[in-house]
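The numbering used here puts the first residue of the sequence shown at 20, with every later residue one more than the last.
Encoded as structure tokens, the structure appears first; notes follow it.
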Amino acid sequence: MAVLLVRAGSGHRIERHGRIDSKRAGLSYPEPRGRSTDDERAAPTRRNVEPRKSPRPTLARVASRAGVSPSTASLVFSGSGPVSEATKERVLRAASELDYAGPDPRARSLRRGRSGIVGVVVDERMLHAFRDPIKIAMLDGIADVLGGVDAGILLLTETGDGAGLLATAPVDAMILVGCSPSVDDSVAVLRRRGVPVVVVEGLSELGGAVISLDNREASRTLAEHLRELGHERVAVVSLPFAKDRRRGAIPAGWRSSPSITPVDRLLGVQDVFPDASVVAAAASSVDEGVAAGRTLLEGAEPPTAVVAQSDLLAAGVILAAEERGLRVPEDLSVVGFDGVQVPGLAAEYDLTTMAQPAVEKGRAAGRAAVALLADEEAEAVCFHAVFHRGNTSAPPR
């Protein structure tokens with residue numbers, strides 16, 4: 020799947036959270052309106068479209084009408100050279116009179132040998148990506164930077180048809196957002212094409228510029244917080260490790276998974292609780308958190324604390340606890356990761372979490388892509404998450 024986006028405006032806000040609504044945390048959508056009935060069936064509106072009476076106006080015609088040279092008219096539309104305001108106004112007026120929208124972008128791409136498009140690959144279906152506040156915030160940061168250099172964005176996924184498009188998509192550079200279990204395959208395809216790559220939270224040995232987060236240190240901070248509270252039975256709900264994204268036990272060779280984010284976050288917890296039980300989610304979503312939470316809480320000795328590798332997963336665990344009549348944090352402590360607002364969470368829940376600067380990560384990825392396009396060295400940046408105590412963690416002592 021691919022979606023071509025124009026530049027997104029900045030200003031995406033990441034806020035704090037509250038309590039889960041039992042109806043999937045506000046993630047349902049209304050049915051389309053305007054359905055036809057037996058008595059009144061909707062019929063398509065048909066109209067004849069007249070053929071174009073004249074060819075597309077050219078820059079040369081605009082220049083002639085404005086009384087300037089084609090090169091001067093070109094400078095007006097490209098904004099790449101000094102042109103007086105009077106001349107600029109004359110050229111734009113002539114363009115308007117001729118219904119000239121600007122130079123053909125296809126011809127410009129052929130001349131430059133570039134498409135003017137940067138691909139952005141998300142590690143899951145678009146359905147999930149656009150419900151994840153972290154993904155949205157990173158995309159906002161990327162768009163903020165790329166919009167400043169007039170680059171378009173082509174959104175792709177590593178699932179379904181999107182994986183095949185990595186080999187053919189007309190892009191000048193690619194940003195991989197979210198380090199999935201398939202990231203090594205994706206990078207290999209792009210390197211064979213000679214496409215510059217920026218990886219957000221990936222292994223440096225894969226190649227390309229890497230924008231990272233201190234995932235292990237941040238998760239260790241959460242685990243140490245739980246240990247200080249006196250918890251001993253601690254469980255983890257992890258992000259996906261395997262390429263098949265199955266929910267359940269983590270794979271035997273999980274430490275060598277190219278999906279570095281869940282690996283480092285689990286290692287951080289195991290630095291403090293080496294025997295912590297783990298259930299892998301199939302995606303970062305409230306529904307997956309509910310399913311994993313049910314699995315963990317139905318055992319003979321359920322955990323007294325759960326470390327979820329995203330706030331969405333943590334919210335689902337809270338809902339699973341409520342289903343069993345457990346109170347958070349009195350009966351179960353739940354900590355998350357990201358520092359985002361989870362839809363449907365009410366004010367009484369202020370999630371204990373590690374807040375990461377997602378918009379800034381996106382901007383850093385955008386700047387790295389711009390540097391690579393200019394044949395410059397891209398800066399590798401490591402961001403740090405900040406502990407937020409919240410109120411979803413406490414007993415036992």
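Where a beta carbon is used, it is the ideal one built from N, C-alpha and C, also for glycine.
All of these numbers come straight from a predicted model, not from anything done at the bench.
- Every beta strand (DSSP E) of 3 residues or more that sits fully in the segment 263-311 is shown, in chain order, as 296-299.
- Within the segment 101-180, the runs of beta strand (DSSP E) that reach at least 3 residues and sit entirely inside it are, in chain order, 136-141, 171-176.
- For V347, same chain residues with a beta-carbon under 6 Å away, outside a window of 5 residues either side, are I337, A340, V353, T411 in chain order.
- E247 counts as exposed, since fewer than 16 other beta carbons sit within 10 angstroms of its beta carbon.
- Secondary-structure assignment with DSSP links D357 through a beta bridge to A374.
- When the alpha-carbon of D169 is set against those of L392, A300, L285, P415, the nearest one is in L392.
- The Cβ atoms of A324 and V253 lie closer than 8 Å to each other.
- With contacts defined by Cβ atoms closer than 8 Å, A334 and L364 form a contacting pair.
- Shown here for V291: same chain residues with a beta carbon closer than 7 Å to its own, the five before and five after excluded, namely R239, A242, E243, R246 in chain order.
- Going by beta carbons, V102 and L94 fall inside the 8 Å limit.
- In the three-state DSSP reduction, F406 falls in the strand class (E or B).
- The beta carbons of M373 and F406 sit closer together than 8 Å.
- DSSP places S231 inside the beta strand (DSSP E), whose first and last residues are 228-232.
- When beta bridges are read from the DSSP output, I194 appears opposite V139, V217.
- By the CB criterion at 8 Å, M145 and G381 fall outside the cutoff.
- In the three-state DSSP reduction, V325 falls in the strand class (E or B).
- Sequence-distant partners of A237 (beyond 5 residues in either direction) whose C-beta falls short of 6 Å from its own C-beta, in its chain, are M373, A404.
- Listed in chain order, the non-local C-beta contacts of S205 below 7 Å within the same chain comprise V140, E177, L185, L195, local neighbours out to five positions each way being set aside.
- Per DSSP, the unbroken alpha helix (DSSP H) holding V81 starts and ends at 78-85.
- A254 has S296, V325 as its beta-bridge partners, per DSSP.
- A Cβ-Cβ contact shorter than 8 Å links D151 with L331.
- Within the same chain, I153, A156, M157 come within 6 Å of A377 by CB-CB distance, once the 5 residues on both sides are set aside.
- Straight through space, the alpha carbons of H147 and T77 are spaced by roughly 44 Å.
- Taking the C-beta atoms as reference points, V255 is found nearer than 8 Å to A295.
- In this model, E116 and G171 are separated by some 28 Å (Cα to Cα).
- Comparing alpha carbon positions, the residue from S88, L315, V218, A207 closest to A384 is V218.
- Taking 8 Å as the cut-off, the Cβ atoms of V282 and A399 do not count as close.
- Sixteen is the threshold: since fewer than 16 other Cβ atoms of the shown chains lie within 10 Å of the Cβ of T187, the residue is exposed.
- In the structure shown, V347 adopts coil according to DSSP, grouped into three states.
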